[in-house]
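Reading through the structure tokens given below for one structure.
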Amino acid sequence: MKKRVLLGVISSLIAAGGIAGCSDKNMSKDSGAESQAAQLNADWPQLTSGIAKDPAIEARIDALLAEMSVEEKVGQLMQVEIRSATPEDVKNYHVGSILNGGGAFPNNDKHATVADWVALADAYYNASMDTSDGGVAIPMIWGTDAVHGHNNVIGATLFPHNIALGATHNPELMRQVGAVTAAEVSATGIDWVFAPTLAVTRDDRWGRSYESYSEDPEIVRNYAGELVEGLQGGIDSNELLSDLHVVGTAKHFLADGGTTGGIDRGDAQMSEEELVRIHAQGYFSAIEAGVQTVMASFSSVNGEKMHGHKYLLTDVLKDRLGFDGFVIGDWAGHQFVNGCTNVRCPQAINAGLDMFMAPDPSWKELYANTVEDAKSGALSAERLDDAVRRILRVKMRAGLFDAGAPSERAYAADESLIGAPAHRAIARQAVRESLVMLKNNDGLLPLARNQRVLVAGDGADNIGKQSGGWSITWQGTGNENADFPGATSVYGGIAEVVEAAGGAAELSVDGSFEQKPDVAVVVFGEDPYAEMQGDVSNLDYPGNGDLALLKRLREQDIPVVALFITGRPLWVNPEINASDAFVVIWQPGTEGAGVTDVLFRTAEGAVNHDFKGKLTFSWPNDARPELRNRDQNEELAQFQYGYGLTYQGGVQLAELSEDSGLQQSDASEALAVFNGRALDPWSLQVFDAGNNHAVIASSVAELQGIRVQSVDRKVQEDSRRLTWSGAGNAVAGFFANSRTDLSGYLGNQGALVFDVKVDAAPSDAVNLGINCGTDCGAEQSITELLQDAAPGEWKTVAVDLQCLATRGAKMDMVLSPFYVRTAGALDLTIHDIRIAAKVDADIHCG
0 MKKRVLLGVI SSLIAAGGIA GCSDKNMSKD SGAESQAAQL NADWPQLTSG IAKDPAIEAR
60 IDALLAEMSV EEKVGQLMQV EIRSATPEDV KNYHVGSILN GGGAFPNNDK HATVADWVAL
120 ADAYYNASMD TSDGGVAIPM IWGTDAVHGH NNVIGATLFP HNIALGATHN PELMRQVGAV
180 TAAEVSATGI DWVFAPTLAV TRDDRWGRSY ESYSEDPEIV RNYAGELVEG LQGGIDSNEL
240 LSDLHVVGTA KHFLADGGTT GGIDRGDAQM SEEELVRIHA QGYFSAIEAG VQTVMASFSS
300 VNGEKMHGHK YLLTDVLKDR LGFDGFVIGD WAGHQFVNGC TNVRCPQAIN AGLDMFMAPD
360 PSWKELYANT VEDAKSGALS AERLDDAVRR ILRVKMRAGL FDAGAPSERA YAADESLIGA
420 PAHRAIARQA VRESLVMLKN NDGLLPLARN QRVLVAGDGA DNIGKQSGGW SITWQGTGNE
480 NADFPGATSV YGGIAEVVEA AGGAAELSVD GSFEQKPDVA VVVFGEDPYA EMQGDVSNLD
540 YPGNGDLALL KRLREQDIPV VALFITGRPL WVNPEINASD AFVVIWQPGT EGAGVTDVLF
600 RTAEGAVNHD FKGKLTFSWP NDARPELRNR DQNEELAQFQ YGYGLTYQGG VQLAELSEDS
660 GLQQSDASEA LAVFNGRALD PWSLQVFDAG NNHAVIASSV AELQGIRVQS VDRKVQEDSR
720 RLTWSGAGNA VAGFFANSRT DLSGYLGNQG ALVFDVKVDA APSDAVNLGI NCGTDCGAEQ
780 SITELLQDAA PGEWKTVAVD LQCLATRGAK MDMVLSPFYV RTAGALDLTI HDIRIAAKVD
840 ADIHCG
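Following numbering that gives the first Met the number 0, the numbering of the sequence shown begins with 0 at its first residue and continues without gaps.
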């Protein structure tokens, strides 16, 4: 396996907290899945897709399947990315689908025009319809992440993120949000969006919490069908999948919001009853509304990766829930299925995945291997035909076979649809209705317009920050206000209404001023982030001098209104105490003026718009990483589900506790990771050269190219001998499904310390690693150290934590404090692994 591929595999597996539930004795899941399918839980409802099968379409599919070669069928299973596939590739490999990832643009131009998007769509479409090789013409379908509007396109309307939309408690508005998104996507010649996200977030530390409408499945179920019909058109209307509508995606199936510890791409460990009652509810209404695609989650359910979960993908989703569209993978997620790689995974298709999302250039190798698997029978002919049938069914329902090139469609390249005033008006309404007021002491709000208003904080005039992740770029970073033409910042909205009424609005990020204001509005909060980079270890809002700014203004007898930008509930009691009024504005998107609509009175002094937003996430009473949900630990909520003040009440909020509940990590004593056995929360786990993985609970275990054996040093079986055969990259280490805070050791000259005995020096590079999640970790070479070790003699090794932290490991959220990776041959024994401060030994930082 290529090194770069395996590194990604390791990273995601570690991010998932390892592989709880899988051991060296049960590497195959097939028999268990068959048994489970035979006893399908009666709690799963029997559903039917909202779009009935059309006999004419099914007959047309039959005819096409009879004409298609294996190569053409496998081509339909491939979704490739615009940065790694040319139109010529689409023609030569019969590619079924194109996507643009976050931050991918036509001609690699962030400021690509609508015409540029349509031109590229035309090029791919024309290539897919080219039959000069004697094949059949099957139009490609282009998918895009339009998760809060057409968020990859300059000038598009960006809605508040889902957590904010949940707070509106307005399902009908969701239909409008979907329709606007579909219209703007249609203008760029794209046919398919990867939305809505139907996660039910249970642990708010998860970095994708803002993509969830609620911690409560009722809201998600009420919204899902409305969003789908907004995107695709009503199932009983003549608008279904018509010109201004696109194919929708219910994602990420299943329980991505229920992973243990809120770890992105982690493991949802729960009963099937909980899966049905909490995490599947949105899919029920989405299927009944006719959603045409479902995206499999990166995450696992009870230790089994969803991309390879036959029971849930096939027996439940397709057979029991009646889903007859196709299942798309997520960003090479197939490679994490047991025994798979980035370039070969018949297991995923056999389990029920219908289309690989294969975004990097290795997709051509995946294509070739899948053709080989189809011809050898590793991928069954029946399953291949079923997958292709489902893909063709969706394309025909969407009218792609008859619509012509994207540029020939009714609204293609219609720039007037992008950020249209009517669209922005709907987004502005969504902002207004999503705002949640937590505090309004002495009735400070609403504000008179004709005042001198100081607008402070780093979020005041920052459209990128107020829009959050998935905004032009993947993480939402690297943007400036000019990248959002037609948008309005919070400050921009305030200045417009205040100055029109004869008042004055002064922008000052640091809160300084020349003339004392009548009131200060401070806009602050989380910076943008998206998947993988958004996980946190606790619910404390770290701030960036925001608390000091609030206090400084209050100390000058200036009334303070705090506007908090956030993608999840966070502990902000000190900030609330330092404010006279505190409003959660979430991530409002491009229409910051919607905040002003509620904050200020009319010119005549009446209430303009009252607060409507109510929490759909419980707000924490301290920063501890405890679950606080509507049906779980409600007593731990500072503000419970459904809370939200209006102008109709005179609630005075008392001073809140400023005890975060967090304990400083004690770095005076060594923290044992392994002292004859793996210490909680860690377990010894192995990832072999074939991407098989196992929790090692026995005295001897052997996988492909790596062997683990319990051996004696001081007492019986107090050490582990790890032997690599040189068969390819393999990893052994200690992993957990929960995070450990090692930051105290970091600040106390801490090191990762272990005893090691080398019996056979390494034949290739050896890296020692520590990990805190996907794209969050660090490795350093210990090759020379092991090569120089005296054979058969024990030595103590200490690796500087600061060295690893500098390279990217976040020490407050560690999942794996120790793992060793090599592709070569190596024979070593480890003993007494610990984290210690002020180590009396040579400290390595390679």
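Backbone N, C-alpha and C define an ideal beta-carbon position, used for all residues, glycine too.
Under 8 Å by Cβ, that's how I've got residue i and residue j pegged, so tell me the actual separation to the nearest angstrom.
i      : j      : result
Phe335 : Lys304 : 5 Å
Met436 : Gly772 : The pair is not a contact, with the Cβ atoms about 34 Å apart (cut-off 8 Å).
Thr847 : Gly102 : Residue 847 falls outside the range modelled here, since the chain spans only 0 to 845, and no answer is possible.
Glu625 : Leu635 : 6 Å
Val246 : Ala186 : Not really, about 16 Å apart at Cβ, beyond 8 Å.
Leu378 : Leu311 : Not confirmed; about 20 Å, so no contact.
Ile50  : Arg396 : 6 Å
His934 : Val227 : Only positions 0 to 845 of the chain appear in this structure, which leaves residue 934 out of reach.
Gly95  : Leu64  : With a Cβ gap of about 14 Å, Gly95 and Leu64 do not count as contacting.
Ala455 : Val521 : 5 Å
Val865 : Leu230 : Here the chain has residues from 0 to 845 only, and residue 865 is not among them.
Counting along the chain, where does the beta strand (DSSP E) carrying residue i start and finish?
i      : result
Cys771 : Val765 to Gly772
Asp799 : Trp793 to Asp799
Lys438 : Val435 to Asn439
Glu590 : Run containing Glu590: none; DSSP gives neither H nor E here.
Lys756 : Gly749 to Ala759
Leu546 : First-last for Leu546: Asp545 to Glu554, but that is the alpha helix (DSSP H), not the beta strand (DSSP E).
Tyr744 : Per DSSP, Tyr744 belongs to no beta strand (DSSP E); it is in the alpha helix (DSSP H), Ser742 to Leu745.
Pro816 : Ser815 to Thr821
Glu525 : Element bounds for Glu525: n/a, residue is neither H nor E.
Ile140 : Ile140 to Thr143
Ala824 : Ala824 to Ala836
What are the start and end residues of the alpha helix (DSSP H) that includes residue i?
i      : result
Leu391 : Ala380 to Arg396
Ser375 : Trp362 to Ser375
Asn161 : Asn161 to Thr167
Asp121 : Val113 to Ser127
Ala186 : Pro170 to Ala186
Thr565 : Note, Thr565: premise wrong, no alpha helix (DSSP H); not H, not E.
Thr782 : Thr782 to Gln786
Ile189 : Unbroken run through Ile189: none, as it is neither H nor E.
Ile153 : Run containing Ile153: none; DSSP gives neither H nor E here.
From residue i to residue j, what distance separates their C-alpha atoms?
i      : j      : result
Ser659 : Ala288 : 44 Å
Glu33  : Ala331 : The predicted model places Glu33 with a pLDDT of 47, which falls under 50 and marks its position as unreliable, so this point remains unresolved.
Met26  : Ala136 : Residue confidence is low: Met26 scores 34 on pLDDT, short of 50, so the model does not pin down where it sits. Its coordinate-derived value is still stated next. Taking the straight line from one Cα to the other gives about 41 Å.
Arg59  : Gly324 : 16 Å
Asp29  : Arg276 : The pLDDT assigned to Asp29 is 42, lower than 50, so where the model puts this residue is not dependable, and the model offers no usable value.
Gly142 : Ser270 : 33 Å
Tyr818 : Val838 : 20 Å
Asp23  : Val315 : The predicted model places Asp23 with a pLDDT of 34, which falls under 50 and marks its position as unreliable; any figure quoted below should be read in that light. One C-alpha to the other measures close to 27 Å.
Ile13  : Leu243 : With a pLDDT of 43 at Ile13, under the threshold of 50, the modelled position of that residue is not reliable, and no figure is offered here.
Phe673 : Ala653 : 47 Å
Gln514 : Val560 : 18 Å
Asp202 : Val535 : 10 Å
Arg553 : Gly566 : 26 Å
Leu119 : Val796 : 55 Å
Met356 : Gly649 : 53 Å
Ala37  : Arg392 : Caution applies to Ala37, whose pLDDT of 46 falls short of 50 and renders its modelled position unreliable; the model cannot decide the point.
Val699 : Gln708 : 4 Å
Ser10  : Leu814 : Because the pLDDT of Ser10 is 43, which lies under 50, any placement of that residue in the model is unreliable, and the number read from its coordinates should be weighed accordingly. Their Cα atoms are separated by approximately 11 Å.
Leu320 : Val79  : 28 Å
Is it the case that the stretch 587-605 contacts the stretch 416-428, given that we only count it when at least three CB pairs across the two stretches are under 8 Å?
By the Cβ criterion, the stretch 416-428 is in contact with the stretch 587-605, since at least three pairs of Cβ atoms, one from each stretch, lie closer than 8 Å.
Output the residue ranges of the alpha helix (DSSP H) runs that lie fully inside the stretch 64-97 and measure 4 residues or longer, sorted by chain position.
Scanning the stretch 64-97 for uninterrupted alpha helix (DSSP H) segments of 4 residues or longer gives 69-75 and 86-92, listed from N- to C-terminal end.
Taking contact to mean 3 or more Cβ pairs, one atom from each stretch, closer than 8 Å, check whether the stretch 826-838 and the stretch 716-733 are in contact.
Judged by pairs of C-beta atoms under 8 Å, the stretch 826-838 touches the stretch 716-733, as three or more such pairs exist.
Sequence ranges, beta strand (DSSP E) only - wholly within the stretch 215-292, length at least 3:
Those beta strand (DSSP E) runs which fall completely within the stretch 215-292 and span 3+ residues are 248-252.
Ranges of the beta strand (DSSP E) found wholly within the stretch 620-683, counting only runs of at least 3
Runs found: 636-638 and 670-673.
Continuous alpha helix (DSSP H) assignments of at least 4 residues falling wholly in the stretch 461-517:
Listed in chain order, they are 462-466 and 489-499.
Can at least three beta-carbon pairs, one atom from the stretch 500-514 and one from the stretch 543-557, be found at a separation below 8 Å?
Yes, they touch.
At what residue ranges does the stretch 676-730 contain a whole run of the beta strand (DSSP E), taking only runs of 3 or more?
Qualifying beta strand (DSSP E) stretches, in chain order: 682-686, 692-694, 699-702, 705-710 and 718-724.
Within the chosen definition, does the stretch 207-214 reach the stretch 162-176 through at least 3 CB pairs nearer than 8 Å?
Enough Cβ pairs lie closer than 8 Å, so yes.
Pairs of beta-carbons, one from the stretch 398-409 and one from the stretch 142-153, closer than 8 Å: are there three or more?
They do not touch, by the three-pair rule.
Three or more C-beta pairs closer than 8 Å, one from the stretch 438-451 and one from the stretch 170-178: is that the case here?
They do not touch, by the three-pair rule.
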